[in-house]
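In our numbering, the protein residues as written are -6 to 523. I have placed the structure first, in the form of structure tokens, so that the comments after it can refer back to it.
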Amino acid sequence: MKTQSININDDTETCFVSITGMTCASCVDSIQRNLSKVEGIHSVCVALLSHKAEIKYNPEYIIPSQIAYLINELGFRAEILDTIEHGLDFIDLHIENMTCSSCVRKIETSIGKLPGIHSAEVALLTHRGRFTYDSSKIGPRDIIRELDSMGFPAVLVDEDSKASNLTKIHRQETRRWRNSFLLAALFGIPAMIIMMMFMFKWKDHHEAPQVMRGLSLENLIMFLLSTPVQIISGRYFYIQAFKALKHRSANMDVLIVMATTTAYVYSCFVVLFNIIKGLPSPVTFFDVPPMLMMFVALGRWLEHIAKGKTSDALTKLLSLQPPQGILVRLNEDTGTIIEEKIILAKLIQRNDILKVVPGGTIPTDGRVIQGTSTCDESLITGEAMPVEKTIGSQVVGGTKNLNGMLLIRATHVGSETALKQIIKLVEGAQTSKAPIQALADKIAGYFVPVIVSFSGITLICWIIIGYTHFDQIEKYSMYHHSKMKHHEGTKPSQMEVILELAFRFAITVLSIACPCALGLATPTAVMVGT
């Protein structure tokens, strides 16, 4: 993890961001490195498998929406999930009847003057507003009531639609990698079988059946099998690589595209060259694109499946949050209920009186003020034995009321509830990094440039060796006289022999470095452990 050397004070706030489009540890390093350079951002911690980031920032310099914009500019898709501000909570509302910027200014100014309001941000285009407040001084119903009195009816933004949208995006990516793998396997497996068959049946490549001079039957078949994979299955790799290069970053997609494209283009060129020159059919790399993309796409597909499974625990915790509660108003003299109203759990405010029927779910943390019952608190304690509740007992939101009617007074609401704190701990554990994982991400950030450099150095070194020790390296070339004894025609020049050999070794360096698990092993262990 990379952090910026800024003194973190009490003004520091934290936001969680959902990031899609990350494929390897190089993507993680790119996001951390670029965001850490931005003024106001104190630390960035990105989790590859959970596709989340925890970012600590100073709100005087930058706000979460600007952070999301910066991540989008890097070629990824970002969405703010949550913010943590000291002693504060927030509410997202859909606001109607806004027609111009003066409406926005009126809402932000009027709501901002209310006691307990920390900030008010309203967007005219989306008709949405986010209001940050101190839950000990004001509540969400107070904010909605004030907006209604101003002539701007407001309702809660459906958080379930946001979660379902993220789930939909994840499923689309899983389906995309599955289809990419199946297509690559459709052509890659036959390519492997044909390559092995030709290898065992004809020990010498030049003795294999020839379609025409310079083009063997093997190369023709391998060309037909590799072309659809390179164009169709490799499409997503090209898109991601282009985004990375556009922002001066090099991830594993860049390396895969370089390896497969270089192998494919080199193979096409050398076959055409030999046909034109009348040379025997060359040794090619047509097997690299289908085989490499098949294994990488399989890895990406399995990775996305793992991401879905590892988030199940968090999804189950989220499902335990009660959707609504029964708000009641009591007669001050007799203590009897004179009014009941069902409200969303997110609209519950501190000191609200809530009714919990037998078999119902406690809507929020509170204290019993009337009634006796037993509650199933296995959610918190892990014990199935019911816990007796009487007047003055504490109850926990999300637990089950078993056999008696209770009236409770809300003491902790919103992000202050025990269930919400547990969810935050799990999210924090999944986005935190072990020291070895931070080191792996840092190394992965330099991995691709180093491999490309090694490939270039290999090319240059073999060209130099070729010109200085041509007699010694000629025997490794496919154009050596011992391999061409059955062929007549134009002999290749010294330069052609050297370049053919140098390019083969350089492409080999690129290709063997692609299936790298450096950035996946530790994140997977962290997700399984949490």
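No residue lacks a Cβ here, since even glycine has one placed at the ideal position from N, Cα and C.
- Taken through DSSP and simplified to helix, strand or coil, Gln487 comes out as helix.
- In the three-state reduction of the DSSP assignment, Met215 falls in the helix class, which pools H, G and I.
- Among the bridge pairs identified by DSSP, Gly318 is matched with Ile336.
- Bridge pairing for Tyr126: Asp82, Ile110 [DSSP].
- Taking all protein chains shown into account, Leu372 has 16 or more neighbouring C-beta atoms within 10 Å of its C-beta and is therefore buried.
- The bridge partners DSSP lists for Ile34 are Tyr50.
- Contact between the stretch 257 to 276 and the stretch 289 to 303 is absent: fewer than three C-beta pairs spanning the two stretches fall below 8 angstroms.
- Assignment of His163 by DSSP, reduced to helix, strand and coil, places it in the helix class.
- A straight-line Cα-Cα distance of about 51 angstroms links Thr404 and Asp246.
- With respect to the 8 angstroms criterion, Phe145 and Ile136 are not classified as neighbours on the basis of their beta carbons.
- In the DSSP secondary-structure assignment, Asn394 is bridged to Cys368.
- Going by DSSP, Cys8 is part of no alpha helix (DSSP H) but of the beta strand (DSSP E) stretching over 6 to 13.
- Between the stretch 171 to 182 and the stretch 214 to 230 there are three or more C-beta pairs closer than 8 angstroms, enough to call the two in contact.
- Restricting attention to Gly68, Leu67, Ile73, Asn65, the CA atom closest to the CA of Ile48 is found in Ile73.
- Per DSSP, the beta-bridge partners of Gln363 are Leu400.
- For Lys99, the closest of Val115, His111, Pro108, Met15 by C-alpha to C-alpha distance is Val115.
- C-alpha of Ile336 to C-alpha of Arg70: approximately 34 angstroms in a straight line.
- Taking all protein chains shown into account, Ala252 has 16 or more neighbouring C-beta atoms within 10 Å of its C-beta and is therefore buried.
- In this structure, Leu41 lies near Val21, with their beta-carbon atoms less than 8 angstroms apart.
- DSSP links Ile88 through a beta bridge to Ala147.
- Between the stretch 360 to 379 and the stretch 391 to 406, the count of Cβ pairs shorter than 8 angstroms is three or higher; the stretches touch.
- Nearest in C-alpha terms to Val250, of all of Lys239, Gln233, Gln317, Ser242, is Gln233.
- When secondary structure is reduced to three states using DSSP, Asp280 falls in the coil class, being assigned neither helix nor strand.
- Note on geometry: alpha-carbon atoms of Glu376 and Ile415 lie some 17 angstroms from one another.
- By the criterion of at least three beta-carbon pairs nearer than 8 angstroms, the stretch 100 to 111 is not in contact with the stretch 59 to 68.
- In this chain, the alpha helix (DSSP H) harbouring Gln465 covers 463 to 466.
- Boundaries of the alpha helix (DSSP H) around Leu63: 57 to 66.
- Cα atoms of Asp85 and Lys45: separation of roughly 20 angstroms, rounded to the nearest angstrom.
- Boundaries of the alpha helix (DSSP H) around Val258: 245 to 270.
- Taking all protein chains shown into account, Leu265 has fewer than 16 neighbouring C-beta atoms within 10 Å of its C-beta and is therefore exposed.
- Straight-line spacing of the CA atoms in Arg169 and Thr16 works out to 13 angstroms.
- Counting along the chain, Val21 sits inside the alpha helix (DSSP H) bounded by residues 18 to 29.
- By the criterion of at least three beta-carbon pairs nearer than 8 angstroms, the stretch 281 to 292 is not in contact with the stretch 484 to 495.
- Assignment of beta-bridge partners to Ile330 by DSSP yields Leu323.
- Note that the C-beta distance between Val148 and His87 is below 8 angstroms.
- Close CB contacts of Val321 within its chain, under the 6 angstroms cut and outside five residues either way in sequence, are with Ile330, Glu333, Ile346, Lys348 (chain order).
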